[in-house]
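Peer 1:
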Amino acid sequence: MKAGYKLPDVTFHTRVRDESIGGDNPFTWEDKTTSDYFAGKRVILFSLPGAFTPTCSTYQLPGFENGFSDFAANGIDAIYCMSVNDSFVMNKWAQSQNLENVSVIPDGSGEFTRRMGMLVRKDNLGFGLRSWRYAAVVNNGVIEAWFEEPGLCDNHGEDPYGVSSPETVMGYLVDAAKGVAAE
């Protein structure tokens with residue numbers, strides 16, 4: 006659906022560890038752009054409704070985290086998890102999940118998600134505006150492959166999960182490698 010689409014140019018407000026600060030909260034603000042994350046790399050980006058939510062924390066994020074070496078063996082340089090949450094929440098979630106391979110991107114204002122056409126209302130759950138669940142293989146800032154859960158709409162009664170799973174993305178990568186090898 007969005008293959009060939011260039012990612013929107015957005016500035017993300019992140020908090021990064023800075024040991025020179027000391028104390029209990031050694032973090033400082035650092036703005037990062039779409040280019041900082043995606044330029045010159047082939048990456049997986051997956052976005053989900055919220056940090057600490059059941060499907061995201063139990064299946065999707067751990068699947069990408071634990072499968073990183075397999076993804077890397079299939080030409081992936083980095084894996085990013087995005088959510089319409091602020092950097093404080095995303096960092097705490099990454100810490101609670103013991104992430105070593107997946108990096109989190111906070112889209113606190115939802116600007117990237119809105120410009121991707123994936124911002125939905127989740128008022129029925131008390132979430133407000135959030136991302137619809139999707140994954141993408143992105144090559145140098147351009148979407149190579151797109152995996153969107155069915156039923157994109159505001160206040161969806163369910164949280165579809167499967168199309169954007171690590172297993173589905175890996176299947177694409179394996180098939181793409183076979184296609185390249187066959188040429």
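Numbered according to the numbering used here, the sequence shown spans residues 6 to 188.
Even glycine gets a Cβ: it sits at the ideal position worked out from N, Cα and C.
In terms of residue numbering, what span does the beta strand (DSSP E) encompassing Ser108 cover?
Peer 2: Looking up residue 108 in the sequence shown gives position 103. First-last of the beta strand (DSSP E) with Ser108: Val107 to Pro111.
Peer 1: Identify the continuous beta strand (DSSP E) that holds Lys127 and give its terminal residues.
Peer 2: In the sequence shown, the residue the question calls residue 127 occupies position 122. No beta strand (DSSP E) contains Lys127, which DSSP labels as neither H nor E.
Peer 1: Helix, strand or coil for Glu188 per DSSP?
Peer 2: To locate residue 188, count along the sequence shown from 1; it is residue 183. At Glu188 the pLDDT is 43, less than 50, meaning the model places this residue with poor confidence and gives no usable figure here.
Peer 1: Short check: CB of Ile84 to CB of Glu70, under 9 Å?
Peer 2: For the purposes of this step, residue 84 is taken as residue 79 along the sequence shown, with counting starting at 1. For the purposes of this step, residue 70 is taken as residue 65 along the sequence shown, with counting starting at 1. Cβ distance < 9 Å, so Ile84 and Glu70 count as in contact.
Peer 1: In chain order, what are the residue ranges of uninterrupted alpha helix (DSSP H) at least 4 long that sit wholly in the region 31-66?
Peer 2: The region 31-66 contains these whole alpha helix (DSSP H) runs: 39-43.
Peer 1: Could you tell me which residues DSSP puts in a beta bridge with Trp151?
Peer 2: Position 146 of the sequence shown, counting from 1, holds the residue named residue 151. In DSSP, Trp151 forms a bridge with Ala141.
Peer 1: Shortest alpha-carbon distance to Glu35 belongs to which of Leu12, Phe117 and Pro111?
Peer 2: Locating residue 35 in the sequence shown gives position 30, counting from the first residue. The residue with the shortest Cα to Cα distance from Glu35 is Pro111.
Peer 1: Excluding the five sequence neighbours on either side, which residues of its own chain have a C-beta within less than 8 Å of the C-beta of Ala187, listed in chain order?
Peer 2: Working through the sequence shown from its first residue, we reach residue 187 at position 182. At Ala187 the pLDDT is 46, less than 50, meaning the model places this residue with poor confidence and gives no usable figure here.
Peer 1: Is Leu134 near Gly162, with beta carbons less than 9 Å apart?
Peer 2: What you label residue 134 is simply residue 129 of the sequence shown in a count that begins at 1. What you label residue 162 is simply residue 157 of the sequence shown in a count that begins at 1. No, they are not a contact pair.
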